[in-house]
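Right, one structure below, let's go through it.
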Amino acid sequence: MAESDAAISRPGRTAVVSGGGPVGAVTAILLAKQGWNVQVYDLACLPSVRPAQQDHRAYRLTVASRGLRVLKLANVNMDPIIATQGTRFEAAMFKANGRKSLSASIPMTPDPPCVRVFRDEIALRIIHEAQRLFPQTIKFHHSIAVTNVDFERQLVHLDRDGSNTTEVGYDLLVGADGASSVVRSALQQIMPDSYIRRYRHKQVYSMTQVTPSDPAEIPPHAVFQAHAMKDGIVLWDGRSSTDCRVGLAVPQELADAIRQGRIDNIIAMLQSSGRSLPDYARKAVIELVKSKPDFYPMPSWTYLSQLHGPRTVLLGDAAHTMSPVLGQGLNAGLEDVAVFAECLQQHHGNVDNALPAYNSLRLPDIQAVMTVNEVVASSEIGLSVQDQEGAHKLWLSGHKMLFVLHMASSTMLHKVAPSVFGGPRMLGLVMGTTPYRDFVSTLYRDGVWFAGFVIAVLAFAICRSSMYSFGNFF
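Anchor point for the sequence shown: position 242 equals 238 in the working numbering, and the numbering is continuous, going up by one each time.
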């Protein structure tokens, strides 16, 4: 699509996007398609395709059907990334005893259901596509950060390396600046009740690049494995023999011990755990531990009870930071963009009308995915005890029970009558486009059915007991 095919930009249609990552870049494209002039500002420099070997923070993300659908809507050509995936994507999770607890093998097609990419890798692809599609109406400004917002005057304050501060006006402000969003922080000052903080992980992580001595040890396609240990998880993530990373996620106290050089017990644990872990991956993790690497926290749960402010919208991690355990952070963020763009189009570019419409439409889905994300993460990774209040523990326990019930009952019914029952809807949530709220509604429905079944059984038992006692009386 050439820029001349898009709606012609008009005065009074200037959008400022804070954050030039995947969500911010896609937002720029969808706004430009509706005739907006878009200025994108990002604190970081232009991203690179692959992280450096010494980068212990970078890990790949899964862009599933939910996110790929939005990229297609934005006319982003994903062929160069699809070409790196090989013939299929294999994923597996292993218990500490080496037994496989979950696995999937997904064929890679010209229109695949998912791809594995680094955040910077896909951000760079979208930026290049934005510049190709709309070279005149989208401008990216890297190493320039939005540092403050004047909502009353509709101005953002920009800073370049702490030396120059300027002001830029906007008709629409998009906060797509991640978990530490400046735009969200500014909104908190005028809407303090809209901010809700969730809970932190027990675990921190560190990643490293690895090159095996025998390239044949790496499958020639995308692969991801998680190997549970007594205290932590070993991650193995590759796409080829020259593009493989391994990592370690452990509780903070173990990470502190590694940083201090107290590693004998940890190395012994790595040598004895994860029986299905490839030898070269095990050696790489042990070398990582010996190097005393930096460890990084997994994202805390953060989301707002309101996704917008005065002529301002929050998208992606700026609105809802979540654990990576479901792989929905980027996918949900991309879907945010599509929903907001649709609301804006339905209201003919009227920002004041589009924002509350977007909030009403999107917030239930965000609340739903945050619920599922927390339930799964609390079981698979664990949450920090210091953050858990009694009332929330009860809420979490109840939802965990509903989740286990749904998975068990759906799996059983699917095995009994596969043509009638489709099985657990978890895969549709993670890899498909199932609305998040529909999945949570299913959990609640299963809970009601189960409660009704238990009540019916108890009532039947009581009636039988009463009849037996009545018969003995006579």
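Just so it is clear, CB atoms sit at the ideal spot from N, CA and C, and this is done for glycine as well. The structure presented is a predicted model; accordingly, all values stated were derived computationally and were not measured.
Verify whether the separation of the beta carbon atoms of residue i and residue j is less than 7 Å.
i	j	result
residue 166	residue 208	no
residue 136	residue 36	yes
residue 340	residue 350	yes
residue 482	residue 47	Outside the shown range of the chain (-3 to 470) lies residue 482, about which nothing can therefore be said.
residue 59	residue 111	yes
residue 168	residue 11	yes
residue 428	residue 61	yes
residue 334	residue 34	no
residue 294	residue 138	no
residue 155	residue 143	yes
residue 398	residue 439	yes
residue 367	residue 412	no
residue 322	residue 285	no
residue 122	residue 72	yes
residue 202	residue 336	no
residue 145	residue 92	no
residue 108	residue 84	no
residue 289	residue 52	yes
residue 235	residue 80	yes
residue 361	residue 433	yes
residue 82	residue 218	yes
residue 126	residue 200	no
residue 31	residue 9	yes
residue 369	residue 319	yes
residue 315	residue 300	yes
So, helix, strand or coil for residue i, using DSSP?
i	result
residue 98	strand
residue 229	strand
residue 208	coil
residue 171	strand
residue 163	strand
residue 235	strand
residue 291	coil
residue 86	strand
residue 41	coil
residue 149	coil
residue 265	helix
residue 381	Because the pLDDT of residue 381 is 49, which lies under 50, any placement of that residue in the model is unreliable, and the question is left without a value.
residue 155	strand
residue 397	helix
residue 466	At residue 466, the pLDDT of 49 sits below 50, so the modelled position is not reliable; the number obtained from the coordinates is stated separately. Residue 466 falls in the helix class under three-state DSSP.
residue 343	coil
residue 57	strand
residue 17	coil
residue -3	Low confidence applies to residue -3: its pLDDT is 40, below 50, so where it sits in the model is not reliable, and the reading given next is rough at best. Of the three classes helix, strand and coil, the one that applies to residue -3 here is coil, per DSSP.
residue 243	strand
residue 428	coil
residue 72	coil
residue 2	Its pLDDT being 40, under 50, residue 2 is placed unreliably in this model, and the coordinates cannot settle the point.
residue 438	helix
residue 273	coil
residue 471	What the structure shows of the chain is the stretch from -3 to 470, and residue 471 is not part of that stretch, so it cannot be assessed.
residue 402	helix
Of all Cβ atoms in chain D, is any one closer than 7 Å to the Cβ of residue i?
i	result
residue 268	The structure shown contains no chain D; it holds only a single protein chain.
Relative to the C-alpha of residue i, which candidate in the options has its C-alpha closest?
i	options	result
residue 426	353, 458, 325, 81	325
residue 113	75, 310, 185	75
residue 313	171, 250, 287, 51	171
residue 178	213, 141, 149, 151	141
residue 186	304, 42, 318, 86	304
residue 174	73, 115, 45	115
residue 220	389, 87, 359	87
residue 238	458, 213, 188	213
residue 272	90, 289, 396, 80	90
residue 97	205, 249, 188, 270	270
residue 206	188, 318, 455, 232	232
residue 45	57, 16, 25, 120	120
residue 25	132, 77, 348, 42	132
residue 257	230, 287, 247, 128	287
residue 446	461, 458, 403	403
residue 129	27, 153, 100, 161	27
residue 394	431, 363, 443	443
residue 211	274, 78, 346, 229	274
residue 374	364, 363, 389	389
*Is there contact here, the region 264 to 271 with the region 213 to 232, by at least three beta-carbon pairs under 8 Å?*
In short, these stretches touch, since the Cβ pair count reaches three.
*Inside the region 90 to 142 only - beta strand (DSSP E) runs reaching at least 3 residues*: 96 to 103, 110 to 114, 134 to 138
*asked:* Closer than 8 Å is the cut-off here; do at least three beta carbon pairs connect the region 276 to 285 with the region 241 to 249?
replied: yes
*So, do the region 300 to 309 and the region 353 to 372 have three or more beta carbon pairs nearer to each other than 8 Å?*
Result yes; three or more Cβ-Cβ pairs closer than 8 Å.
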